[in-house]
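Residue numbers (the UniProt record's numbering), protein chains in the order written: chain R, 1 to 277; chain P, 1 to 277.
For every residue, glycine included, the Cβ atom is placed at its ideal position computed from N, Cα and C.
Keep in mind the model is a prediction, meaning the values are calculated, not measured.
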Amino acid sequence: MIEVFFQFDFLRYSLYTGLMIGFLAPILGVFLVVRRLSLMADALSHITLTGIAFSLLLGRHITMFAGLNPVYMGMAFSITGSLLIERLRHVYRYYKELAIPIILSAGIGVGVVFISLADGFNNDLFNYLFGSVVAISQSDFQVVVTLTIVVTALLFLFYKELFFLSFDEEQAVISGIPKRSLHVLFMVLVALVIGISMQIVGILLVSALMTLPVASAMKWAKGFKQMFLYAVIFGEVSIVIGLFSAFHLDLAPGGTIVMANVFLLIGSIALTRKRSL
Amino acid sequence: MDIKKQPLALNIQHLSFSYHNQNVLEDINMQIPKGSFLGLVGPNGSGKSTLVKCLLGLLSPNAGSVQLFGVDVKKFNRWSDIGFVSQKANSFNSGFPATVFEVVSMGLYGKIGLFRFLKKKHKQQVREAIEQVGMEDYIDDNIGQLSGGQQQRVFIARALVSNPSLLILDEPTVGVDAKSVKNFYTMLKKLNDEQGITLILVTHDIGAMSEYVTDVACLNKCLHFHGNTNTFEENKEEMMTAMYGHEVNLLEHNHDHDHHHHHHDHDDQDGVRREEG
Ligand SMILES: Nc1ncnc2c1ncn2[C@@H]1O[C@H](COP(=O)(O)OP(=O)(O)OP(=O)(O)O)[C@@H](O)[C@H]1O
Ligand SMILES: [Mg+2]
């Protein structure tokens, strides 16, 4: 059953990419969740859709863009979106969370217009929305590996500052931690990881991979480091189960991965019930 | 700039501050020599926390200047020399999955600097700070599961761990039991006597405080008094009437502690103005 993933290159690339996002998404998710920004992942994934639609539209009219994987345009949009959200959070200082629905709906709205213009309601779009087991080519895969290394290294280097900022922003600022630049850096990392992950899980479900494993981990973890450990374990398990069942049952992997996560979450809640209230 | 050669820990000149249109601080002038232990008192809403935030550069005054160890607060960068326990320290996100050890180590992050990690020696310092506040039995416990007073002790340990030259405590003993408050004041006095740490203690506990502090400042929008404890004791009645408007029973004053610290919950991170360090 598992062997089939090693017989075909494209499946192998998907599996490896899956394992990498099963690692990256929950780790970023831990920071998002503890900073109460879990919906940020949704906003950024929707703006990724805008970028993809834009790329599809350009591809129809300008040959230069026809060969380009729309995911890269998606990433560019979601990075821009993350910076816009930061601006908006400043504009609405007392209602920071407003930035999220604004960007989210603007992203979808503009995206849908682009898709209609591009005549793009087709199978490709379905794959972008819900993920695909066969989405990763060799050159995509090289990009995925590079980005994974970069994101991991940055997270490792800035771990303690991000941790402090998440726990107690005021104290972190007092101790001289550069809040704004780190926050922007972090949002850019989230945007990149969403770009990588959406090829497998799909835009609509990518935020689930950032939040559900963390929600499960929260039930088990005692400290911050343990949160990462459990979140990554849950993330990886869900990816493996999700990808195999998607391939063998011919389902969209986004759905199966999220279902695996939901089961893990229900299990975690049930098993830890006695320990909490 | 050599901190050791500066006679003044803090030099506040003509400082005024207002939130929107409401004047909160008016023309505050204060010189705090190194090695003093200052008790800062005043009624609720008199601007104590606001003054402290100006001193830390979290709020920018409308007029006047603040110098920390001879350096203008806007240019000051030795933040690891300053320890701060915020009035609302225990209103942090209480579900945050961090252990006592993890929280106290944050106090060292600014000192360690970017791209560096906790070494053995740092971990030892963290353990010592935790012992200093008597929380060693809880070192691996989740911060959210401790009582309010215990959390407050952890935050005090976090402020102490970097061996600051100036320690600012905004009502640090709210929610700490009477015996621990006494131990805590004794500990502060020892830090002040033996290590020459300059201390600023915001408190409503005027009776108990006088035994420990070397100087007292009375604030109510303006600075009504700033002088040594003896002079304060001699003019206490007069001071109290001037500040609180009527005779107050000083000994009974600490009963209304519990409701102070929830007053300004809206004054959250939005107050954090200082950006890059
Ligand atoms: N973020 C804020 N926005 C607007 N007004 C504020 C804010 N924080 C405080 N204030 C106002 O400034 C005044 C001084 O508040 P401050 O918190 O400095 O008082 P305090 O002396 O620390 O009081 P307490 O003893 O209750 O802690 C109050 O009138 C308060 O309403
Ligand atoms: Mg206050």
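Distance from the CA atom of Leu192 of chain R to the CA atom of Val71 of chain R, rounded to whole angstroms, is 10 Å. Three or more pairs of CB atoms, one per stretch, sit closer than 8 Å, so the region 50 to 59 of chain P contacts the region 14 to 33 of chain P.
For Gln145 of chain P, the secondary structure class from DSSP, reduced to helix, strand or coil, is helix.
The beta carbon of Ser80 of chain P lies closer than 6 Å to those of Gly110, Lys111, Ser162 in the same chain, with the five residues before and after it left out. Within chain R, the residues whose beta carbon sits less than 7 Å from that of Glu102 of chain P are Gly223, Phe224, listed in sequence order. When secondary structure is reduced to three states using DSSP, Glu211 of chain P falls in the coil class, being assigned neither helix nor strand. Within the same chain, and ignoring the five residues on either side of Leu212 of chain R in sequence, the residues whose Cβ sits closer than 6 Å to its Cβ are Asn261, Leu265. Leu251 of chain R sits in coil when the DSSP states are folded into three classes, being neither helix nor strand.
Of the heavy atoms belonging to ligand 2, at least one sits nearer than 7 Å to the Cβ of Asp170 of chain P. Three or more Cβ pairs closer than 8 Å define a contact, and the region 125 to 144 of chain P meets that threshold against the region 153 to 173 of chain P. For Gln87 of chain P and Val110 of chain R, the gap between their C-alpha atoms comes out near 45 Å. What Pro97 of chain P touches in chain R, judged by beta-carbon distance under 9 Å, is Val30, Val34, Ala217, Met218, Ala221, Lys222, Gly223, Phe224, Gln226, Met227, going in chain order. Taking a Cβ-Cβ threshold of 8 Å, the residues of chain P close to Glu161 of chain R are Tyr109, Leu114, in chain order. Of the heavy atoms belonging to ligand 1, at least one sits nearer than 7 Å to the Cβ of Tyr19 of chain P. DSSP places Pro101 of chain R in the uninterrupted alpha helix (DSSP H) bounded by 99 to 117. Listed along the chain, the chain R residues whose CB falls inside 8 Å of the CB of Leu160 of chain P amount to none; the nearest CB is some 13 Å away. Between the C-alpha atoms of Leu117 of chain R and Ser207 of chain R there is a straight-line separation of about 27 Å.
In this structure Gly202 of chain R is in contact with Phe130 of chain R, their Cβ atoms being roughly 4 Å apart against a cut-off of 8 Å. A direct Cα-to-Cα measurement between Val113 of chain R and Leu68 of chain R gives close to 20 Å.
The alpha carbon of Ile194 of chain R has as its nearest neighbour, out of R:Pro178, R:Ser82, R:Ser238, the alpha carbon of R:Ser82.
In this structure, the CA atom of Gly223 of chain R is about 10 Å from the CA atom of Leu229 of chain R. Its chain contains Gly22, Phe23, Ala25, Pro26, Leu209, Pro213 as the residues whose beta carbon lies nearer than 7 Å to that of Gly235 of chain R, once the 5 sequence neighbours on both sides are disregarded; these appear in chain order. Under a criterion of Cβ atoms nearer than 7 Å, no residue of chain P is adjacent to Val232 of chain R; the nearest Cβ is some 15 Å distant. With a cut-off of 8 Å on Cβ pairs, the region 185 to 199 of chain P is in contact with the region 27 to 44 of chain P, counting three or more such pairs. With respect to chain R, the C-beta atom of Met106 of chain P has a partner C-beta closer than 8 Å.
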